[in-house]
Structures are given as structure tokens and as C-alpha cells.
Amino acid sequence: MSYAPDGQQYQPYRPEGQIPQPPHGDQYGRPYGQQPHRQPQGQQAQYAPQDPYEQTARYGPQDLLPEEPPRRRKGRRWLIAGASVLALAGIAALVLNHYEIPPFTDKGSAVSFGQSPAGGGKKDDAPPPNSKMLMPTGPAAEFKNTMTLPDGTHVAVTTLDGKKSGFKGKVWVWAPKEYNDPKFAKSGFPVLIALPGGAGYPSNYWMGTDLGLQKSISKWYAEGKSKPFILAMPVLNPGPDDKGVYWDGSDIPGQPKMGTWLTEDVPDLMKANFRTVKSRDGWAFMGSSTGGFAGLKAVLKHPDKFKAVIASGPDIVPDSSLWKGHDKEKAENNPELLAKHLIDTKGPEVYLAFQVGDNESNKKTLPDVQKFVATYGNKGPIHAELKVIPGGQHNAKTYVPNMGEGPVQFISKVMEGPVE
Numbered sequence: 002m003s004y005a006p007d008g009q010q011y012q013p014y015r016p017e018g019q020i021p022q023p024p025h026g027d028q029y030g031r032p033y034g035q036q037p038h039r040q041p042q043g044q045q046a047q048y049a050p051q052d053p054y055e056q057t058a059r060y061g062p063q064d065l066l067p068e069e070p071p072r073r074r075k076g077r078r079w080l081i082a083g084a085s086v087l088a089l090a091g092i093a094a095l096v097l098n099h100y101e102i103p104p105f106t107d108k109g110s111a112v113s114f115g116q117s118p119a120g121g122g123k124k125d126d127a128p129p130p131n132s133k134m135l136m137p138t139g140p141a142a143e144f145k146n147t148m149t150l151p152d153g154t155h156v157a158v159t160t161l162d163g164k165k166s167g168f169k170g171k172v173w174v175w176a177p178k179e180y181n182d183p184k185f186a187k188s189g190f191p192v193l194i195a196l197p198g199g200a201g202y203p204s205n206y207w208m209g210t211d212l213g214l215q216k217s218i219s220k221w222y223a224e225g226k227s228k229p230f231i232l233a234m235p236v237l238n239p240g241p242d243d244k245g246v247y248w249d250g251s252d253i254p255g256q257p258k259m260g261t262w263l264t265e266d267v268p269d270l271m272k273a274n275f276r277t278v279k280s281r282d283g284w285a286f287m288g289s290s291t292g293g294f295a296g297l298k299a300v301l302k303h304p305d306k307f308k309a310v311i312a313s314g315p316d317i318v319p320d321s322s323l324w325k326g327h328d329k330e331k332a333e334n335n336p337e338l339l340a341k342h343l344i345d346t347k348g349p350e351v352y353l354a355f356q357v358g359d360n361e362s363n364k365k366t367l368p369d370v371q372k373f374v375a376t377y378g379n380k381g382p383i384h385a386e387l388k389v390i391p392g393g394q395h396n397a398k399t400y401v402p403n404m405g406e407g408p409v410q411f412i413s414k415v416m417e418g419p420v421e
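Structure, rendered in C-alpha cells:
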């Protein structure tokens, strides 16, 4: 039995006294003019006349509903087709973005960091002679975007041909959103040169967002814990360390001058393209493992250029196999001897923020750092602080979250920026 809407029994409409006629014949289904076929008396007709409305048992109630208007059917088809096209377009956009195919990604696009293509700023933007801020000196480097962060800031990369070191390599840079804030349009920002551990080639792992360094600096600044540092993230080594070879961030005789690259060429790049701080009060290093060693050594060796370092799980003495036969130069790059010399000569004050996990893979790391702090820390011009991370391991994922509670605050208290 078929049912009408709302549960009412379906009763087909029949004009009173009329029997529906088949579309092409009389009420018996015969062509008009044909005589009715008579069965012999006493025999039942083999095929009884059928009322079209009684065929519902065979065809079902759906055959009794009014047919959908053609316009509505056409509109529905267009709607389904449009939704399918949009879905396919969305999938295609995600694929093209994943494979970094313009215009579905801004990776590879030019980034100027607010400077004109010519670099160096405008003459009418020149600060007064007594300003603490240094305008970009130019020439402007060609920065290409490698990723865009949720706050709209960019991590960009350039290839730097080091004029002083003779080494050519990549440097990634990032500026906090405050750098382009009109409020700071005439302000110089502090620079933090971030060095990785491990090979440090052909990339620098601080340039990625998975470790959250850039996001963390913005967060720490908003919380009043950190300066709004511009990050410079250069390659640390001139090649891979797949044979256990690394360069200690130093000028080893007969090797690429990585010490000069880190302490001369990279700062010159930042001065050429950004509003920075004239004095050493706006320049610092940070690094982990061998990058921590290189940053520590750079500050102790060049206290006239750099004021502070955050060294996470660092080596304390140079130990590259490339030093063999160069004992004099090796000693000149030894943080222990550099710290002693700085104390003896009453050199410029430096601030050394160490952090080490108590579960480091190298069990000598924590005792070596503790010994260094006990021997040279807080003596004369050296100010040192050590944070031991409970359960901390020898990796950047351990170091970044813990920098905000101690090390970043320690150096930010003594550094300057933004300054006019």
C-alpha cells in the first residue's frame, strides 16, 4: 500500500463518475474503433482491463509523485557540477602549493624587508649624527622567500659571497613584525646570529619553523622577556661532515675561513640590508652543540663586536681534526684561553648564557660547562649563567623552549634595541 505525505493513505484523484482513459485508446486499452473481444461464455477473461491507478503495486508509490520540473533538475545538475569543480580546484591548489608551484605559493618571491631595491634607504631618512641606529649601508642583497609565517613575516635566503673570508654560502634571515611597524620606522634592531649543531650545511636548521625559534622570539618579546631580534642564520660549515670533519667556526690554516665568515661577512650582510644597532650592544650569537662553541668563541675572541651569547650544549675546547699541525692557531680559538686573556686584560664585558640538559648524549658536556663557569664565570668582565634542563637531551627541541626562561632574558637585559 502506498502512502501520501504526513502518513495519510494515498487516494488517487478521479473525477466523479469518470474512469481514466488510456492515452491512446478506449477504457479497455484498444485502439479506437476496434470491437471488444468476447470470451466464450463461462470462461474468465485472460486479461482483465486494468485501471492505470491500480498499477501502483507493481511500480511503487514513487511513480505517482509529480515529476521534477526540468528547470529544477537542470539547476541541481549545475550545483553538483560546480561543487565538484571547486573541490577539484582546492585539491589542485594544495598539490601545487606542496610542490611550490606559483602562483599557489609565495616561496621564491623577492623579499625586501622594507628596503628599496637599491638598498641603503633614503637620504631624508638619515638619522642624526648621535643616533644609536645604523641605516642600511647597501648594496641590497637579493632575498628570496623560503616560508611565510602565520603573522605575515618571512624567512628569506640569499647567497652571500664573503668579501673578507672568500667563502660563498647561504644565509637565511628573519625580521620580527615590529621591524615594519611605523612605530619603529626610525629604529635600529638588535641582531642574533643563530648557529646550528651538526653539519650546519647545506642548511641551517634554525631557519625552519618546526623548531619555533622565530615564533618564540615574537612571543618572548610580547611577554617582555626578549628583544625583538633580527635573526641571521648562516651555514656553519663549508661542506658536509659526513666524514666526521668540521671547521669549529674558525679560520683553520689551509681551510675556508669560517671564523671570518661568521664574525665579519655575515654581520656586514645584516648591516647592508637592515636598520641595526651601531654598537656591540646590539650584536649577539646563539647556537647549539658545535654552533654553541662557535658562538661562545666568537664573543670571547671579538668582545669589541659582540656582547653576548646563548650557548646550548656547547663544546668548550676546539677539537676538529683539521687543527692537526696548527697548535698555535688552535690555542687562539680556545674559549678557555680566550676567557683567561679577557680577564687578565680587563677587556669589554661579555655575557655568556649556557644551558645544558642533564641527559645529554655526551656525558662530559655538563661537567665541562660547569667547570668553565666555575673557573671563568663572573670574574672580571665575564658574566656567566648556567641553566641545567632536567631531562634535557642534546637537541634543539630541548633548547628552544627553555631559552625563554633564563638565557634570552639574561642577554636581553644587557642588550639594546630598538634604538633611534
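Per this note's numbering, the sequence shown runs over residues 2 to 421.
Ideal Cβ positions, reconstructed from N, Cα and C, are used throughout, including at glycine.
Small disclaimer: the values here were computed from a predicted structure and weren't measured.
Query                                                                                                                                                      : Result
Can you tell me which of the three DSSP states residue 79 falls into?                                                                                      : helix
So, at 6 Å on beta carbons, what are the nonlocal neighbours of residue 249 in its own chain, with the 5 sequence-adjacent residues on each side left out? : 319 and 321
Could you check if residue 160 is buried or exposed, using at least 16 other CB atoms within 10 Å of its CB as the buried criterion?                       : exposed
Between the alpha carbons of residue 456 and residue 378, how many angstroms are there, rounded?                                                           : A query on residue 456 cannot be resolved here, the shown segment of the chain reaching from 2 to 421 and no further.
Would you kindly work out how many angstroms separate the C-alpha atoms of residue 59 and residue 81, rounded to a whole number?                           : Reliability fails at residue 59, whose pLDDT of 41 lies under 50, so the model's placement of it is uncertain and no value is given.
Go to residue 169, then tell me how far its alpha helix (DSSP H) extends in each direction, as first and last residue.                                     : Where residue 169 is concerned, there is no enclosing alpha helix (DSSP H), although the beta strand (DSSP E) it sits in stretches over 169-175.
My parser needs the beta strand (DSSP E) runs of 3 or more residues fully inside the stretch 365-395; what are they?                                       : 383-390
Between which two residues does the alpha helix (DSSP H) harbouring residue 344 extend?                                                                    : 336-345
What residue range does the alpha helix (DSSP H) around residue 1 cover?                                                                                   : With the chain covering 2 to 421 only, the question about residue 1 has no answer from this structure.
When the distance is taken between beta carbons, is residue 229 closer than 8 Å to residue 419?                                                            : yes
How long is the line joining the alpha carbons of residue 309 and residue 244, rounded to whole angstroms?                                                 : 32 Å
Look up residue 189 in the DSSP assignment and give the residues it is bridged to.                                                                         : 420
Among all the DSSP beta bridges, which residues are the ones paired with residue 252?                                                                      : 258
Which residues bound the beta strand (DSSP E) around residue 284?                                                                                          : 284-289
Between the beta-carbon of residue 290 and the beta-carbon of residue 199, is there less than 8 Å?                                                         : yes
Is it buried or exposed, residue 334, if we count other Cβ atoms within 10 angstroms and call 16 or more buried?                                           : buried
Thinking C-beta only, is residue 237 closer than 8 Å to residue 293?                                                                                       : no
Counting only runs of 3+ residues fully inside the stretch 274-325, write out the beta strand (DSSP E) ranges in chain order.                              : 284-289 and 309-313
Whole angstroms is fine: what's the gap from residue 188's alpha carbon to residue 78's?                                                                   : 60 Å
How far does the beta strand (DSSP E) with residue 351 in it reach, from first residue to last?                                                            : 351-358
Less than 8 Å between the C-beta atoms of residue 227 and residue 152, yes or no?                                                                          : no
What's the C-alpha gap between residue 295 and residue 217?                                                                                                : 23 Å
Inspect the beta-carbon positions of residue 234 and residue 168 and report whether they are closer than 8 Å.                                              : no
Can you tell me the Cα-Cα spacing of residue 280 and residue 196, whole angstroms?                                                                         : 21 Å
On a Cα-Cα basis, can you pick out the residue from 387, 416 and 366 that is closest to residue 375?                                                       : 387
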